[in-house]
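Positions 708 to 962 (my numbering) are the ones given, in order, by the sequence shown. Note that CB positions come from ideal geometry on N, CA and C, so glycine has one too. Below is one structure, written out as structure tokens; comments come after it.
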Amino acid sequence: MLFILRQCVMLLLLIFTVACSVAASERSVLRAVVSDSNTPPYAIFDDSGKLTAGLSKDILDALALVSQLDIQYLDLPRARIESWLETGQADIACFLNPDWVAEPTLYLWSPPLFATQQLFIRRADSQPINALPDLAGKRVGTTRGFTYPELEQVFALGDVIRDDAHSLQSNLKRLEQGRLDVVMSVDLSYYFFMNNGGLGRFGADPIWSAPPSVYCAISRHNSQLSSRLLRGLNTLVDNKFISRQLRRYKGEPAE
């Protein structure tokens with residue numbers, strides 16, 4: 708009888724240990740959102756839609772490594788990212804800014820990763836875009852789900868026509884065909900595209916506002932995990948890992 712009781716206790720302990728191990732395993736997965744609307748080199752996907760390279764993968768893989776986490780990538784449309792972070796279905800999404808989301812206080816924010824310059828891309832034979840009046844009546848190619856704070860009012864009033872597409876490449880093709888007057892792009896994406904086989908004769912004018920910084924937004928749903936992620940991101944900023952990766956994609960020599 709004592710032997711049977713001892714065996715039952717050992718079995719219960721084994722079940723408890725396995726259950727705790729499974730729970731710990733589930734908690735150790737970092738669920739990171741990288742939407743395929745992120746243009747190269749921010750995110751590079753293969754033909755099957757799998758994230759294979761890019762600045763986002765470099766940063767998030769390194770974050771998982773320093774935080775001792777496994778990583779699961781979630782491909783979500785930009786419009787769903789905020790709700791998934793709020794409800795705890797996703798843990799982190801990068802290359803965001805508090806000004807670009809509806810309720811920035813719902814998330815924790817990393818230190819700034821780097822600054823990014825918004826550009827007006829136009830055909831080379833067209834007039835430069837130096838101020839808001841230069842856009843009057845023009846059709847502007849934008850990325851679906853993205854926010855453009857400097858232009859939201861004129862888009863809403865209809866003074867400037869917003870025309871969404873899924874990718875920078877699609878917008879540049881429409882610009883070359885004359886179906887758009889201007890395309891919005893960030894500097895890193897545009898110059899990476901043009902330096903890696905991009906076609907067309909374009910001019911690029913920087914927007915008049917100061918380049919905003921980009922951050923990672925972290926879900927508040929799991930306080931222990933969020934603290935862990937903030938520590939990891941601070942490490943990657945402080946040790947210049949992100950700066951080095953950024954220089955690599957810009958084709959600049961290492962420091």
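Taking DSSP as the reference, what is the three-state secondary structure of residue i?
i: ALA769; result: helix
i: THR823; result: coil
i: THR794; result: helix
i: ASP754; result: coil
i: TRP697; result: The structure shown does not extend to residue 697, since the chain spans only 708 to 962, so no value can be given for it.
i: ILE949; result: helix
i: GLY904; result: coil
i: LEU858; result: coil
i: VAL815; result: Residue 815 is actually Leu in this sequence, not Val. In this structure, LEU815 counts as strand in the three-state DSSP scheme.
i: ILE836; result: coil
i: TYR956; result: helix
i: ASP888; result: coil
i: THR849; result: strand
i: GLY865; result: coil
i: GLY939; result: helix
i: ASP743; result: coil
i: SER933; result: helix
How many angstroms separate the CA atom of residue i from the CA atom of residue j?
i: SER877; j: LEU953; result: 24 Å
i: LYS957; j: PRO784; result: 26 Å
i: LEU936; j: TYR922; result: 13 Å
i: VAL944; j: ASP870; result: 35 Å
i: SER790; j: THR854; result: 16 Å
i: SER861; j: LEU842; result: Reading off the sequence shown, one finds Val at residue 861, where the question assumed Ser. In a straight line, the C-alpha of VAL861 is about 9 Å away from that of LEU842.
i: ILE799; j: LEU758; result: 16 Å
i: GLY844; j: GLN884; result: 18 Å
i: ALA786; j: PRO748; result: 21 Å
i: TRP915; j: THR794; result: 36 Å
i: SER755; j: LEU781; result: 14 Å
i: GLY904; j: CYS801; result: 27 Å
Here's a check: name, in chain order, each residue in its chain whose Cβ is nearer than 7 Å to the Cβ of residue i, leaving out the five neighbours to either side.
i: SER933; result: LEU815, ILE925, SER926 and ARG927
i: ALA769; result: LEU943 and PHE948
i: PRO918; result: ALA822, THR823 and GLN824
i: HIS873; result: SER744 and ARG851
i: ILE836; result: PHE827, ARG829, LEU842, VAL889 and ASP912
i: PRO811; result: PRO805
Can you tell me whether residue i is buried or exposed, with buried defined as 16 or more other CB within 10 angstroms of its CB?
i: THR849; result: buried
i: ALA809; result: exposed
i: PRO840; result: exposed
i: LYS764; result: buried
i: LEU864; result: exposed
i: PRO960; result: exposed
Spatial neighbours of residue i within its chain, please: CB distance less than 8 Å, with the 5 preceding and 5 following residues excluded, ordered by chain position.
i: LEU875; result: THR746, THR850, VAL890, SER892, SER896, TYR897 and PHE900
i: LEU887; result: ARG846, VAL847, GLY848, ASP870, ASN878 and ARG881
i: GLN834; result: ASP841
i: ALA838; result: TRP915
Look at residue i and residue j and say whether their C-beta atoms are less than 7 Å apart.
i: ALA771; j: GLY761; result: no
i: ALA739; j: LEU767; result: yes
i: GLY907; j: ARG829; result: no
i: GLN796; j: VAL736; result: no
i: PRO818; j: ASN941; result: yes
i: ASP684; j: PRO856; result: Nothing can be reported for residue 684, as the shown portion of the chain is limited to 708 through 962.
If you drop the 5 nearest sequence neighbours on each side, which residues of the same chain put their C-beta closer than 6 Å to that of residue i?
i: ILE868; result: ARG846
i: GLY939; result: LEU770, VAL773 and SER774
i: PHE752; result: ASP743 and LEU758
i: LEU813; result: GLU793
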